[in-house]
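By this note's numbering, the letter at position 103 of the sequence shown is numbered 103, and the numbering carries on one by one without gaps. Just so it is clear, CB atoms sit at the ideal spot from N, CA and C, and this is done for glycine as well. First comes the structure, then the notes that go with it.
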Amino acid sequence: MKIRNKIIFSKPYVSKNANLFIDDVLKSGFHQGDGKYTQLCHAYFESRYKIPRALLTTSCTDALEMCSILLDIKYGDEVILPSYTFVSTALPFAQRGAKLVFVDSSSSHPNMCLEELKNSITNKTKAIVVVHYAGIAIDMDELKSIAGKIPIIEDAAHSIESDYKGKQLGTIGTLGTFSFHSTKNISCGEGGLLSINDPNLIERAEIIREKGTNRTAFFRGEVDKYGWVDTGSSFLPSEFNAAILYSQLEELEYIQNKRIKIWNYYYNKLKLVCDKKKEIYLPSIPEYAKNNAHMFFLLAKDEKIRSHLIESLRNNNAQATFHYQALHASSYAKKLGIETKLPNAEFYSDSLMRLPLHLEITKSDVDLIVSTIDDNSK
Ligand SMILES: *Cc1c(COP(=O)(O)O)cnc(C)c1O
Numbered sequence: 001m002k003i004r005n006k007i008i009f010s011k012p013y014v015s016k017n018a019n020l021f022i023d024d025v026l027k028s029g030f031h032q033g034d035g036k037y038t039q040l041c042h043a044y045f046e047s048r049y050k051i052p053r054a055l056l057t058t059s060c061t062d063a064l065e066m067c068s069i070l071l072d073i074k075y076g077d078e079v080i081l082p083s084y085t086f087v088s089t090a091l092p093f094a095q096r097g098a099k100l101v102f103v104d105s106s107s108s109h110p111n112m113c114l115e116e117l118k119n120s121i122t123n124k125t126k127a128i129v130v131v132h133y134a135g136i137a138i139d140m141d142e143l144k145s146i147a148g149k150i151p152i153i154e155d156a157a158h159s160i161e162s163d164y165k166g167k168q169l170g171t172i173g174t175l176g177t178f179s180f181h182s183t184k185n186i187s188c189g190e191g192g193l194l195s196i197n198d199p200n201l202i203e204r205a206e207i208i209r210e211k212g213t214n215r216t217a218f219f220r221g222e223v224d225k226y227g228w229v230d231t232g233s234s235f236l237p238s239e240f241n242a243a244i245l246y247s248q249l250e251e252l253e254y255i256q257n258k259r260i261k262i263w264n265y266y267y268n269k270l271k272l273v274c275d276k277k278k279e280i281y282l283p284s285i286p287e288y289a290k291n292n293a294h295m296f297f298l299l300a301k302d303e304k305i306r307s308h309l310i311e312s313l314r315n316n317n318a319q320a321t322f323h324y325q326a327l328h329a330s331s332y333a334k335k336l337g338i339e340t341k342l343p344n345a346e347f348y349s350d351s352l353m354r355l356p357l358h359l360e361i362t363k364s365d366v367d368l369i370v371s372t373i374d375d376n377s378k
C-alpha cells in the first residue's frame, strides 16, 4: 500500500526572488533595519493600502506593544479586547498595567460581540482592541460609532488583503497591526507592520521604534543630530527580514489567488457535507466582509465531536487543529484577578477546528479531508 504524504497544517511560501534579495542584502553591507528593502515594503503598503505611515516591526506583538506605548497606556487604564484571540493582543497592555476588560465573541462568529462591547465602556476606557478573526471584518461603522473618541486598535494579524467596504482592514481604526509570522498568508519568518492611520501619531511612532531616538528624522535630514528624546525600544527588523517580505509582496496576488482557490474548493465540497449533518457547521461570513483565505475553519457542536474529527483526520495523515484558548480563562488571567465567564469565547475554544491551508494543498488533499470529515460525523 502506498503511504500518503502527510498533509501538513501550514507551510511558509518560498518566493522566487527570496535568494536573490538575500544575496543582495549580504553583498550590500547594509544589514540593519530601515535600508532599501524596508523602504520598499513601507512604500508598497503606504501606496496599496493608502496608509499615512507604515512601519515594519519585528512582529505583530511588537507593533501592538508600540500601540500600547503610543497611546500612553498606564496602570489603572481600562483596555477592552476580545477573549478569543492570541496572547499578543493582550500582553502589551497587561505589561503596562492596564486592566484588561475581555468581551465575548458573538454567537455567529468568533469576532467580538459589539453589543457586549457597548456595555463594557466606562470613563476609564483608554483603548478598544479588536481582532478580525480569520480576516473576516468586524462591522467597522458600528464599532466606530460605539467607540466615539476612544482610540481603536485593529489587530489585523490575519487580515492582509481583506477589507471592510473596500477599505483594507488595519487601516480604519486609529492604529492597525499586521503579522508576517510564518503561519500567516505572507511571511518573513518573524515580522510585523504598524499602520499609523492618525497622522498625529507618526512622529512619535518613529521615535518609539528607534529606541526613543529621533534617528529616523535624522536620516531624512530633518534634524542635524539625533539623540534620546522619548521612551521606546528596538522594534525595527533587519534588512534580511524585509528582503524576504518584499519578495513575497511581489507575488502577493499570486499567493492570494491560490489561497482563495483552495479555500473555495474546500467550502463548496464541505458545504454539501455540512448541509446534511447536525454535529458540524460552517461559519457565516457577513455580507460586508471579504474573505482573504487566511484560514479555513469549521465548528463542531462540542469538544468531543471536535476531538473525534481531529483524531480521524490525523489517522489519515492530515493535520487539523483547534485554535485559541480563551484568554479570560487562562491561568495568567486568573493571576490578574479576572473572573468573568464568556460562554461564546469558551464555545469557540472547545469547538472550532482549522484545516490545513497553504499553497501546496492539492485537490486530492482536500478531497481526502472532506471525505474523512463526512465519514466521521453525524
Ligand atoms: C499571529 C497573531 C499575532 C502575533 O503575531 P506575531 O507576528 O507572531 O507577533 C497577534 N494577534 C493575532 C490575532 C495573531 O493571529
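Check the Cβ-Cβ distances between residue i and every residue of chain D, and say whether any is below 7 Å.
| i | result |
| --- | --- |
| K269 | No chain D is part of this structure, which consists of one protein chain only. |
Apart from the five residues just before and just after residue i, which ones in its own chain have a Cβ nearer than 6 Å to its Cβ?
| i | result |
| --- | --- |
| Y84 | S105, P110, Y324, A326, A345 and Y348 |
| S179 | C60, A157 and G192 |
| F93 | S68, I73 and V79 |
| P12 | S182 and S187 |
| E142 | L114 |
| A217 | V223 |
| A98 | I73, D77 and V79 |
| R259 | A293 |
| T46 | It is Glu, not Thr, that sits at residue 46 in the sequence shown. Here the set comprises A54. |
Could you tell me which residues DSSP puts in a beta bridge with residue i?
| i | result |
| --- | --- |
| K99 | E78 |
| V229 | Bridge partners of V229: none, in fact. |
| D194 | The sequence given here has Leu at residue 194, not Asp. DSSP output for L194 lists L55 and T177 as bridge partner(s). |
| Y164 | K167 and A289 |
| I128 | I80 and I152 |
| E210 | S234 |
| S105 | M112 |
| I69 | Answer is none; I69 lacks a bridge partner. |
| I7 | A318 |
By Cβ distance below 7 Å, which residues in the same chain neighbour residue i in space, the five residues on each side in sequence not counted?
| i | result |
| --- | --- |
| M66 | T57, L194, A205, I208, R209 and F235 |
| G173 | I152, I153, E154 and N197 |
| A333 | L327 |
| Y246 | F21, Y37, L40 and C41 |
| R48 | none |
| L342 | S83, F102, D104, A326 and H328 |
| N316 | L368 and T372 |
So, at 8 Å on beta carbons, what are the nonlocal neighbours of residue i in its own chain, with the 5 sequence-adjacent residues on each side left out?
| i | result |
| --- | --- |
| L282 | Y267, L270, K271, C274, L298 and L299 |
| T231 | I69, I208 and G212 |
| K378 | K277, K278 and E279 |
For ligand 1, is there a heavy atom less than 6 Å away from the beta-carbon of residue i?
| i | result |
| --- | --- |
| F86 | yes |
| V129 | no |
| G173 | no |
| C60 | yes |
| H181 | yes |
| G176 | no |
| A242 | no |
| G166 | no |
| D155 | yes |
| G170 | no |
| G192 | yes |
| T57 | no |
| T321 | no |
| T391 | Residue 391 is absent from the model: the chain starts at 1 and stops at 378. |
Is residue i near ligand 2 - that is, is its Cβ less than 6 Å away from at least one heavy atom of it?
| i | result |
| --- | --- |
| G33 | Absent from the structure shown: ligand 2. Ligands present: ligand 1. |
* To do: Jot down the residue ranges of each uninterrupted alpha helix (DSSP H) in the segment 293 to 373, minimum 4 residues, whole runs only, in chain order.
  => 303 to 315, 331 to 335 and 343 to 351
* Unbroken alpha helix (DSSP H) runs of length 4 or more, entirely within the segment 248 to 292: which are they? -> 252 to 275
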